[in-house]
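Count along the sequence shown from 1, then add 325; that gives the number in our numbering. Cβ atoms here follow ideal geometry from the backbone N, Cα and C, with glycine treated the same way. Source: prediction; values computed, not measured. See below for the structure under consideration.
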Amino acid sequence: MKKSSIGTARHLHPPGTPGDLCRWHNRAALATTVATIARRHGLDAGADDEEFAVCAAEAKAAPLKAPLSVDTLAAIRSALGPALSIGSAPAAVAEAVFGALPDRPIRVVAGDGQEFFLVPIPVTP
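Printed below as a string of structure tokens:
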């Protein structure tokens, strides 16, 4: 299996971690960054790909070298999807969590209204 030494995952996973796990981790981390910027601009999961590309360029403080992948766009949309809260039904929580694996963040809202992202960090291939 291909190994990875890319970005965020490289610092959190042990040497020799399979590349797929590192890519999933990095995609989820990028999605939360782009989704945070998108929220600040008033965007939601229905924004178009170009709007997300603008947010990604802002996150990187530079123009993108390549378009966002289909998987990355799906992860961003997941992060901007309906938020889970303390009142969410257990079945809805299970569906959101297990439907988001391996690389799609989930937005949650705390009792005080503060928002967070739950980010899957893969452990095993």
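Return the first residue and the last residue of the alpha helix (DSSP H) that residue i is part of.
{"i": "Leu346", "result": "344-365"}
How close, in whole Å, do the beta carbons of residue i and residue j come, if the pair is a contact with beta carbons under 8 angstroms?
{"i": "Ala387", "j": "Arg429", "result": "25 angstroms between Cβ atoms; not a contact."}
{"i": "Val434", "j": "Ala408", "result": "4 angstroms"}
{"i": "Asn351", "j": "Ala363", "result": "About 18 angstroms; that fails the 8 angstroms criterion."}
{"i": "Pro411", "j": "Gly438", "result": "The displayed chain sequence assigns Ile, not Pro, to residue 411. Contact flag wrong, Cβ pair sits at about 11 angstroms."}
Taking 9 angstroms as the cut-off, decide whether the C-beta atoms of residue i and residue j are in contact.
{"i": "Leu355", "j": "Val448", "result": "no"}
{"i": "Leu405", "j": "Ala360", "result": "yes"}
{"i": "Leu443", "j": "Ala419", "result": "no"}
May I ask whether a heavy atom of the ligand PLP can be found less than 8 angstroms away from the beta carbon of residue i?
{"i": "Ala421", "result": "Of ligands this structure carries none, so the ligand PLP is not represented either."}
Along the chain, where does the beta strand (DSSP E) that runs through residue i open and close?
{"i": "Arg429", "result": "It is not in any beta strand (DSSP E) - Arg429 carries neither H nor E in the DSSP assignment."}
Of all the options the options, which has the alpha carbon lying nearest to the alpha carbon of residue i?
{"i": "Gly371", "options": "Ala382, Gly412, Val422, Leu398", "result": "Leu398"}
{"i": "Phe441", "options": "Val395, Ser403, Ala382, Leu389", "result": "Ser403"}
{"i": "Lys385", "options": "Thr358, Arg348, Ala417", "result": "Thr358"}
{"i": "Asp272", "options": "Arg432, Asp437, Pro445", "result": "Nothing in the structure corresponds to residue 272, since the chain is present only between 326 and 450."}
{"i": "Pro445", "options": "Gly438, Pro339, Pro427", "result": "Pro427"}
Any beta strand (DSSP E) of 3 or more consecutive residues that is wholly inside the stretch 359-412:
Scanning the stretch 359-412 from its first residue to its last, no whole beta strand (DSSP E) run of 3-plus residues comes out.
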